[in-house]
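Chemist: For the sequence shown, the working numbering assigns the number 196 to the initial residue and increments by one for each residue that follows.
First, the structure itself, so that you have it in front of you.
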Amino acid sequence: YVTGPVTLFGRQHDINIGVNRSAQDYRQSSAYDNSTIGVPLAFPDLFEGNFPRPNFPTTFSTAYASSQNTQTRRETLYGLVRLNLADPLKVMVGGNVTRARSIGFSYGVDTNYENTRFLPFAGATLDLSGSISAYGSYATIFNPQTEIDANGRILDPIRGNNLEAGLKGAWDGGRLNASASLFRTRQDNTAEAAGFGPTPGNPTVLRTIYKGVDARSEGIELEVGGRLADGVQVTGGYTLLRVEDENGAAARRFVPRNTARLNISYSPPVLPALKLGAAAQYQSRIFTPDATIREGGYALLDLLARYEVTSRVSVSANVRNVTNTKYLTALNFAGGYYGAPRTVLGTISVRY
């Protein structure tokens, strides 16, 4: 990338121009032709761990050994101009040209595509006082997908936009920072699991089929961080979210609507080599996409203690999930996984 100042109309502005490129190769092998695959589980077996381990095959048949093989490439040329229109007012305009490509297949369906789009961006900041500033931004969303629908066609790219506005503040020379923002995001055609269907060319083998979901999300986000007292550092945040589909009904219910986090660390002024910390996080209840399974809201607590023995040697102890809360990390698509139980980790670090 290239960045630098430009003088126009007696004021200095900034320009940023650059190029990004990303590449991803994905391969997946399956054994869906085996008789132990696709056996339905009763709910008691599912949640209590009573189902015996299947006799998984050690080799795959040639029909299903390579179920997915995709190569995706993405190149982006971006530019941004930061206009210093007045001492308290800054305006940013720019965008990027993105070219996305994919070749390969997924369960017998080609995942080939090539898309090029221009995505504009605009934003502004306004200093309201020496400590508080207001900001706003607009950005467009474009994200190609490789998921396949029930008709064996690759889903069209995700399209949408994002609007955000808020206030930011810094006090006491930057020791304390806080922000509050409102956001609204529109995303059309986001892939969501919609059950199982036959694989083209191998109808006895089931695959996950997807549908495109149009959703609108809006919410508020609060953040605070800084040094509250000598040796005491605090960071925290809270997010309230609402997600609806095109008909106004709740959508993407596997995303929690309320999340919060709080991190506190303390180093005694008389013993700065010692650091004690605690981290708490909370999320509200979530559901599977079809709302048949619910995970209740839960909170997690982690603790930390570290001591700098010398400038090169330190010892620490971490306790994660102190209350040993049992929870599922996610309920999206067709799976959910239990989070880690209480763990205790001791570490001795030596720096050379």
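Note that the Cβ used here is the ideal one computed from N, Cα and C, for glycine as well.
No experiment lies behind these values; they were computed from the predicted model shown.
Per the DSSP calculation, Lys-363 is bridged to which residue(s)?
Modeler: Paired residues: Ser-328 and Ser-374.
Chemist: With 16 other CB atoms within 10 Å as the buried threshold, where does Tyr-533 fall?
Modeler: exposed
Chemist: Extract the residue ranges of the alpha helix (DSSP H) inside the region 257 to 340, only unbroken runs of 4 or more that lie entirely within it.
Modeler: none
Chemist: Return helix, strand or coil for Glu-243, following the three-state DSSP convention.
Modeler: helix
Chemist: Would you grab the beta carbon distance between Ser-301 and Gln-266 for me? Rounded to a whole angstrom, and I think it's under 8 angstroms.
Modeler: Not really, about 12 angstroms apart at Cβ, beyond 8 angstroms.
Chemist: For Gly-431, name the three-state secondary structure that DSSP assigns.
Modeler: strand
Chemist: Gln-382 to Ala-446, Cα distance in whole Å?
Modeler: Their Cα atoms are separated by approximately 12 angstroms.
Chemist: Distance check for Leu-523 and Ala-258, CA to CA, integer angstroms please.
Modeler: The predicted position of Ala-258 is uncertain, since its pLDDT is 48 and thus under 50; no value can be drawn from it.
Chemist: Is it a yes or a no for the region 431 to 450 touching the region 510 to 517, going by three-plus beta-carbon pairs under 8 angstroms?
Modeler: Contact between the region 431 to 450 and the region 510 to 517 is absent, because fewer than three Cβ pairs lie under 8 angstroms.
Chemist: From the DSSP output, read off the bridge partner residues of Thr-385.
Modeler: DSSP output for Thr-385 lists Val-408 as bridge partner(s).
Chemist: Just grab the DSSP bridge partners of Ser-544 for me.
Modeler: According to DSSP, which records beta bridges pairwise, Ser-544 is partnered with Ser-509.
Chemist: With three or more C-beta pairs closer than 8 angstroms as the rule, is the region 351 to 368 touching the region 331 to 338?
Modeler: yes
Chemist: Which of the three DSSP states is assigned to Gly-369 in this structure?
Modeler: helix
Chemist: By the DSSP assignment, the beta strand (DSSP E) with Val-201 in it spans what residues?
Modeler: 197 to 203
Chemist: In three-state DSSP terms, what is Ser-460?
Modeler: Of the three classes helix, strand and coil, the one that applies to Ser-460 here is strand, per DSSP.
Chemist: Counting along the chain, where does the beta strand (DSSP E) carrying Arg-206 start and finish?
Modeler: 206 to 223
Chemist: The beta strand (DSSP E) that contains Tyr-493, what's its start and end?
Modeler: Note, Tyr-493: beta strand (DSSP E), 493 to 503.
Chemist: What is the DSSP secondary structure of Lys-521, counted as helix, strand or coil?
Modeler: coil
Chemist: Counting Cβ pairs closer than 8 angstroms, one from the region 206 to 217 and one from the region 265 to 280, do we hit at least three?
Modeler: yes
Chemist: State buried or exposed for Asn-245, treating a residue as buried only when at least 16 other CB atoms are found within 10 Å of its CB.
Modeler: Flag for Asn-245 reads exposed.
Chemist: When DSSP builds the beta bridges, which residues end up paired with Thr-538?
Modeler: According to DSSP, residue pairing for Thr-538 in a beta bridge involves Arg-515.
Chemist: If you drop the 5 nearest sequence neighbours on each side, which residues of the same chain put their C-beta closer than 6 angstroms to that of Val-627?
Modeler: Given that the chain is displayed from residue 196 to residue 547, the structure contains no residue 627 and the question cannot be resolved.
Chemist: Helix, strand or coil, according to DSSP, for Ala-468 in the structure here?
Modeler: coil
Chemist: Does the beta carbon of Leu-203 fall short of 8 angstroms from some heavy atom of the ligand HEM?
Modeler: This structure lacks the ligand HEM, and indeed carries no ligand of any kind.
Chemist: Taking DSSP as the reference, what is the three-state secondary structure of Pro-393?
Modeler: strand
Chemist: Let me check one thing: in DSSP terms, what residues is Ile-415 bridge-paired to?
Modeler: According to DSSP, which records beta bridges pairwise, Ile-415 is partnered with Leu-377 and Leu-435.
Chemist: Considering only the alpha carbon of each residue, which of Thr-505, Phe-313 and Ser-460 lies closest to Leu-471?
Modeler: Ser-460
Chemist: DSSP three-state call for Tyr-533: helix, strand or coil?
Modeler: Assignment of Tyr-533 by DSSP, reduced to helix, strand and coil, places it in the strand class.
Chemist: Which of the three DSSP states, helix, strand or coil, is assigned to Ala-444?
Modeler: Coil, per DSSP.
Chemist: So Asn-338 packs on Leu-314, CB below 8 angstroms; how close in whole Å?
Modeler: Asn-338 to Leu-314, Cβ: 10 angstroms. No contact.
Chemist: Which residues in the same chain have their Cβ closer than 7 angstroms to the Cβ of Leu-321, if we skip the five residues on either side of it in sequence?
Modeler: Around Leu-321, the same chain offers Pro-283, Leu-284, Ser-328 and Ala-329 as residues with beta carbons nearer than 7 angstroms, after the five sequence neighbours per side are excluded.
Chemist: Please check the pair Ala-468 and Tyr-502, which I expect to be a contact at CB under 8 angstroms, by giving their CB distance rounded to whole angstroms.
Modeler: Contact between Ala-468 and Tyr-502 holds, since their C-beta atoms are separated by about 6 angstroms, short of 8 angstroms.
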